[in-house]
Amino acid sequence: MFLTRTLPTLLAFAFGAVAVLIYYIPHGVAQEIERELSLWLRILYAFAYFLGLYSILNLHWTRIQRRQGGWAYSGVAIASFLVMFLFVVYNDGAGPFAPQASAGGYQWMFTYIHVACSSTMFSMLAFYIASAAYRTFRARSSDAAILLVAAIILMVGRVPIGHAISDFFPEAVAWLMEVPNLAAKRGIILGVSLGAIATSLRIIFGIERSYLGGGDE
Amino acid sequence: MRRRANRGLTALCMAILLPAQLLAQTPPKSAASDTPNDAGASITVTWPRGEAVGGTTYLVYVAADESGPFHLAAEVEAPLAAVLADDPGNFGRGEEQDATHYVNVSDYALDDGRQSLENDQIYYVRVAVRTDGMELRGAITSAVPEANLINTAKLNNFVIGTALSLIILASISLARRKEMFIRRIAGLEAIDEALGRATEMGKAVMFVHGLREMDKISTIAAVNILGQVARKTAQYDTLLKVTSYDPVVMSVSQETVKEAYVEVGRPDAYNEDNIFVAGTDQFSYAAAVEGMMVRERPAAHIMMGYFYAESLLLAETGSMTGAIQIAGTDAFTQLPFFVTTCDYTLMGEELYAASAYLSREPRMLGSLKGQDIGKAFLIAAILFGSLLATAGWPFITHALAAH
């Protein structure tokens with residue numbers, strides 16, 4: 001109980017309080033503590049990546065073993081990992097202990113396969129936006145009508161033809177973005193900030209323990 | 001004869017005008033002090049704002065000894081020189097601040113590079129003004145750089161943060177003794193509905209983490225919600241799959257889910273392999289999760305945390321599979337995408353409220369009440385501040401400004 005609940009709660013309190021205080025203390029000692037803590041975090045993340053690697057390989061390997069739907073994709077994922085890994089170790093002939101080469105197989109695959117695939121995923125957003133917008137605007141309610149009108153004004157006002165039709169569109173776009181949109185945005189930010197304070201307090205004072213696994217006894 | 005007369009006239013004019021211009025540029029009366037609110041190794045040098053005559057340059061010299069040698073530390077053209085009013089957090093606002101130039105000096109030039117100032121050592125400063133190649137040097141002044149213990153520029157932040165924290169803590173304390181009314185949050189009520197539906201259909205529930213790491217508050221909030229969701233899936237004996245972007249989030253999620261299963265007496269139902277990293281790159285992660293949504297067809301998708309452009313890719317794909325979708329994020333740029341594609345969306349603060357709301361634990365609910373009271377205070381301050389600023393008294397606006 002002490003190791004699973006009390007100690008983590010005490011640590012959360014200590015580090016939470018220190019992190020809050022450091023924000024208000026510009027002294028070099030405080031800054032040094034902050035640097036040290038972020039260094040610990042980086043070390044922790046470096047080790048955690050091994051866990052991540054194990055997790056992702058285990059996920060795909062299990063899928064292949066069980067011949068689950070789409071298991072061939074898992075085969076591609078593992079093969080891609082192995083090929084990338086070999087090229088990283090080879091490092092364009094410089095070996096694994098030299099700084100990563102700026103050319104060679106790894107860089108080529110990263111630029112011409114990984115970046116290209118990521119860009120493809122990103123570009124698909126345009127179609128997803130169109131389909132989501134169609135579904136939203138189709139709904140026959142006053143909210144949907146307001147959204148539709150605002151969206152049409154924004155779309156027309158953001159392209160050159162909107163300026164050509166009338167000065168109303170760019171002016172209306174500016175008003176929409178700077179008044180209702182900004183007001184809503186700031187309202188959300190205020191709420192989020194308060195929520196973050198409340199969550200931090202709950203964690204620092206040990207009231208919130210869900211992240212330790214339930215524990216709100 | 002006429003050319004000689006012109007030359008003579010020009011020389012006479014130069015002889016009269018140049019001293020007049022130099023007289024206009026009197027040596028600046030400078031002052032030096034420790035730079036406020038910093039980690040030290042810096043001093044602030046100030047001097048009165050003069051006439052911004054074209055070509056005028058201010059030069060700040062620093063020496064470790066009063067007798068010199070003085071080394072050039074900063075060179076600022078008069079029109080570009082900052083005034084104290086440019087940094088109201090450190091120097092305040094007012095006419096005096098508007099009429100005083102300043103420069104923060106943290107090092108000075110040597111023949112072989114630059115020398116940084118050191119804390120707790122006295123430095124001698126002299127400000128000079130240079131016009132048309134003529135340099136007038138002011139009196140010597142001194143300052144000692146020190147590391148400051150408190151950043152007074154953040155005092156307003158500290159006061160407001162402390163006040164809001166006290167309100168929340170007082171509400172938590174009050175909630176122990178008195179039952180509090182908390183408004184219904186549809187998105188959170190729907191979590192039960194989604195889990196019930198998944199149970200009836202005999203399908204899985206997919207919990208999708210956002211893209212931020214474990215040290216971000218939105219991720220902590222998402223893990224807190226996961227703990228509550230895991231308890232229910234353990235009770236209902238429903239398969240829960242958790243996808244993570246970050247290995248640390250995955251590890252914490254595994255522990256959270258495991259503890260939740262143990263707590264409800266179903267440790268046998270826990271399978272570590274159902275909580276995994278789906279990808280450590282934004283679009284790889286999106287592609288992997290989308291693939292699982294399409295192939296495995298979970299009955300419910302719960303997307304919690306901070307999302308970026310992948311939000312719509314995930315939510316739209318999930319929507320096409322017909323699953324009930326509940327999203328929660330504090331990324332206001334992604335909220336419209338979730339609102340249009342999900343059945344329920346937890347907007348901003350509701351993400352943080354979710355864990356407390358689902359647990360129904362009085363102290364946690366008290367913190368929600370505290371949040372609402374704090375919000376009421378902020379709304380009052382905004383309204384009151386707007387009215388006063390419109391009437392020409394912006395002191396609330398200045399008091400709440402971030403530095």
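Chains as they are written, first to last, in the numbering used here: chain A, 1 to 217; chain B, 1 to 403.
For each residue, glycine too, the CB sits at the ideal point set by N, CA and C.
Cβ of residue 182 of chain B less than 9 Å from any chain A Cβ? If you number the second sequence from 1, residue 182 of chain B lands on position 182. Not an interface residue.
Would you call residue 253 of chain B buried or exposed, if buried means 16 or more other Cβ atoms sit within 10 Å of its Cβ? By one-based count along the second sequence, residue 253 of chain B stands at place 253. With 16 or more other Cβ atoms inside 10 Å of its own Cβ, residue 253 of chain B counts as buried.
Can you pull the chain A residues whose beta carbon is under 9 Å from the beta carbon of residue 367 of chain B, in chain order? Here residue 367 of chain B corresponds to residue number 367 of the second sequence, with the count starting at 1. Residues of chain A passing the Cβ test: 198, 199, 201, 202, 207 and 208.
Checking 9 Å against the spacing of the C-beta atoms, do residue 323 of chain B and residue 250 of chain B come in under that value? As a first step, residue 323 of chain B must be located in the second sequence, where it is residue number 323. As a first step, residue 250 of chain B must be located in the second sequence, where it is residue number 250. Contact: no.
In chain B, what lies closer than 7 Å to residue 84 of chain A by C-beta? Taking the first residue of the first sequence as position 1, residue 84 of chain A is located at position 84. Per Cβ cutoff of 7 Å: no residues; residue 84 of chain A is ~12 Å from chain B at best.
Using 8 Å as the cut-off, can you tell me whether the region 280 to 293 of chain B makes contact with the region 309 to 328 of chain B, which would need three or more C-beta pairs spanning the two stretches below that distance? The region 280 to 293 of chain B, when compared against the region 309 to 328 of chain B, does touch it at the 8 Å Cβ threshold.
Burial state of residue 65 of chain B, where buried means 16 or more other Cβ atoms lie within 10 Å: As a first step, residue 65 of chain B is located in the second sequence; it is residue number 65 there, counting from the start. Residue 65 of chain B should be labelled exposed.
Would the beta-carbon of residue 246 of chain B fall within 9 Å of that of residue 48 of chain A? If you number the second sequence from 1, residue 246 of chain B lands on position 246. If you number the first sequence from 1, residue 48 of chain A lands on position 48. Contact: yes.
Reference residue 46 of chain B; option with closest CA among B/98, B/38 and B/67: As a first step, residue 46 of chain B is located in the second sequence; it is residue number 46 there, counting from the start. Checked all of B/98, B/38 and B/67; the closest Cα to residue 46 of chain B is B/98.
Continuous alpha helix (DSSP H) stretch holding residue 124 of chain A: start and end: In the first sequence, counting from the first residue as 1, residue 124 of chain A sits at position 124. Secondary structure note for residue 124 of chain A: it is in no alpha helix (DSSP H), with a DSSP letter that is neither H nor E.
Can you tell me which of A/50, A/51 and A/18 puts its alpha carbon nearest to the alpha carbon of residue 35 of chain A? For this step, residue 35 of chain A is matched to residue 35 along the first sequence. Comparing Cα positions, the closest option is A/18.
Rounded straight-line distance, which links the Cα of residue 221 of chain B to that of residue 359 of chain B: As a working note, residue 359 of chain B is residue 359 in the second sequence. As a working note, residue 221 of chain B is residue 221 in the second sequence. Their Cα atoms are separated by approximately 13 Å.
Helix, strand or coil at residue 22 of chain B according to DSSP, with G and I counted as helix: The residue given as residue 22 of chain B occupies position 22 in the second sequence. Low confidence applies here, because residue 22 of chain B scores a pLDDT of 48, under 50, leaving its location unreliable; read the following figure in that light. Reduced to three states, the DSSP call for residue 22 of chain B is helix.
Report yes or no: is there a C-beta of chain B within less than 9 Å of the C-beta of residue 216 of chain A? On the first sequence, position 216 is the one that residue 216 of chain A refers to. Confidence at residue 216 of chain A is low in this model, with a pLDDT of 47, below 50, so the placement of that residue is unreliable and no value is reported for it.
Would DSSP call residue 276 of chain B helix, strand or coil? Locating residue 276 of chain B in the second sequence gives position 276, where the first residue counts as 1. In the three-state reduction of the DSSP assignment, residue 276 of chain B falls in the strand class, which pools E and B.
Cα separation between residue 64 of chain A and residue 204 of chain A? Taking the first residue of the first sequence as 1, we reach residue 64 of chain A at position 64. Taking the first residue of the first sequence as 1, we reach residue 204 of chain A at position 204. Between the alpha carbons of residue 64 of chain A and residue 204 of chain A lies a gap of roughly 44 Å.
Whole runs of the beta strand (DSSP E) within the region 218 to 250 of chain B, excluding any shorter than 3 residues: You should have 240 to 244.
Closer than 7 Å between beta carbons: that is the criterion. Which residues of the region 247 to 260 of chain B meet it against chain A? Of all residues in the region 247 to 260 of chain B, 247, 248, 250, 251, 252, 255, 256, 258, 259 and 260 have a Cβ within less than 7 Å of some Cβ in chain A.
What residues in the region 46 to 57 of chain A bring their beta carbon closer than 7 Å to a beta carbon of chain B? Those residues of the region 46 to 57 of chain A that come within reach of chain B (Cβ to Cβ, closer than 7 Å) are 48, 49, 51, 52, 55 and 56.
Sequence-distant residues of the same chain with beta carbon closer than 7 Å to residue 228 of chain B, five excluded per side: Numbered from 1 along the second sequence, position 228 holds the residue referred to as residue 228 of chain B. So the list reads 355, 358 and 359, once near-sequence residues are dropped.
Alpha carbons only, please: which of B/60, B/39 and B/194 is nearest the one belonging to residue 145 of chain B? In the second sequence, residue 145 of chain B corresponds to position 145, counting from 1. Ranking the options by Cα distance to residue 145 of chain B, first place goes to B/39.
With the cut-off set at 9 Å, would you say residue 303 of chain B and residue 226 of chain B are in Cβ contact? Start at 1 with the first residue of the second sequence, and residue 303 of chain B comes out as number 303. Start at 1 with the first residue of the second sequence, and residue 226 of chain B comes out as number 226. Cβ distance not < 9 Å, so residue 303 of chain B and residue 226 of chain B don't count as in contact.
Reduced DSSP secondary structure (H/G/I, E/B, other) of residue 50 of chain B: Taking the second sequence and counting its residues from 1, one reaches residue 50 of chain B at position 50. Reduced to three states, the DSSP call for residue 50 of chain B is coil.
Any C-beta of chain B sitting closer than 9 Å to the C-beta of residue 13 of chain A? To locate residue 13 of chain A, count along the first sequence from 1; it is residue 13. Closer than 9 Å: no.
Restricting to Cα atoms, I'd like to know which of B/31, B/114, B/121 and B/129 is closest to residue 57 of chain B. By 1-based counting over the second sequence, the position of residue 57 of chain B is 57. The candidate whose alpha carbon is nearest that of residue 57 of chain B is B/129.
What is the DSSP secondary structure of residue 430 of chain B, reduced to helix, strand or coil? Limits of chain B in this structure are 1 at one end and 403 at the other, which puts residue 430 of chain B out of reach.
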